[in-house]
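Heads up: take any position in the sequence shown, counting from 1, add 221, and you land on the numbering used here.
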Amino acid sequence: MAQDFTGNAAIKIGWDALHRDSVILSQKLRTKGPFKGIIAVARGGLVPAAIVARELDIRLVDTVCVSSYDDTVQRDDLLILKPVEGDGTGWLVIDDLVDSGKTFRQLRKMLPKAHYATVYVKPVGQPVVDTTVIPIDQEIWLVFPWDDDPANWRLHRG
222 MAQDFTGNAA IKIGWDALHR DSVILSQKLR TKGPFKGIIA VARGGLVPAA
272 IVARELDIRL VDTVCVSSYD DTVQRDDLLI LKPVEGDGTG WLVIDDLVDS
322 GKTFRQLRKM LPKAHYATVY VKPVGQPVVD TTVIPIDQEI WLVFPWDDDP
372 ANWRLHRG
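Here you go:
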């Protein structure tokens with residue numbers, strides 16, 4: 222069943238906070254590598270992946286493109302719009318937020334040997350994450366700098 226987040230409380234994450242938290246993620250990842258490259262989960266993982274790539278001096282960055290939301294409703298199915306090759310050996314997969322864990326769970330089937338990191342994680346998604354920075358209550362909706370104002374929620378996240 223699809224989950225609708227429109228009635229939930231929201232926390233706005235600003236650019237400075239996201240940058241700070243992504244740098245902290247980088248520091249936690251230093252001892253987990255070396256990594257041959259980063260796979261950013263598009264679109265939310267693109268900004269944290271760029272910051273981590275800079276901090277860890279990783280120059281090889283790829284994307285896996287997925288769609289898990291229609292507006293503010295989490296889809297029952299996960300659409301893989303652009304997969305990546307291989308089993309994940311030596312790769313670091315990064316997303317901005319792991320909520321239900323559905324995206325990382327699906328990616329772990331495709332890339333079982335990758336290391337999975339996220340800036341923010343909710344309790345239901347925690348088991349599929351290897352490295353994270355900040356836990357978030359399950360009921361909270363995070364509004365990232367690239368998202369609309371929650372008063373206008375037409376987020377088109379995916």
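All C-beta atoms in this analysis are idealised placements derived from N, C-alpha and C, irrespective of residue type, glycine included. Just so you know, these numbers come straight off a predicted model, no measurement behind them.
- Annotation: the continuous beta strand (DSSP E) that includes THR352 extends over 352-356.
- Annotation for ASP351: LYS253, HIS336, TYR337 and ALA338 place their beta carbon closer than 8 Å to its own, counting only its chain and skipping 5 residues before and after.
- For LEU328, no beta strand (DSSP E) segment is defined; the enclosing uninterrupted segment is the alpha helix (DSSP H) at 323-331.
- In the three-state reduction of the DSSP assignment, ALA238 falls in the helix class.
- Around SER247, the same chain offers VAL273, GLU276 and LEU277 as residues with beta carbons nearer than 6 Å, after the five sequence neighbours per side are excluded.
- Annotation for GLY309: LEU332, PRO333, LYS334 and ALA335 place their beta carbon closer than 7 Å to its own, counting only its chain and skipping 5 residues before and after.
- Distance from the CA atom of ASP283 to the CA atom of LEU267, rounded to whole angstroms, is 10 Å.
- Secondary structure of VAL319 (DSSP, three-state): strand.
- Taking every protein chain shown into account, the CB of GLY346 has 16 or more other CB atoms within 10 angstroms, so this residue is buried.
- ASP358 and ILE232 have their alpha carbons spaced roughly 11 Å apart.
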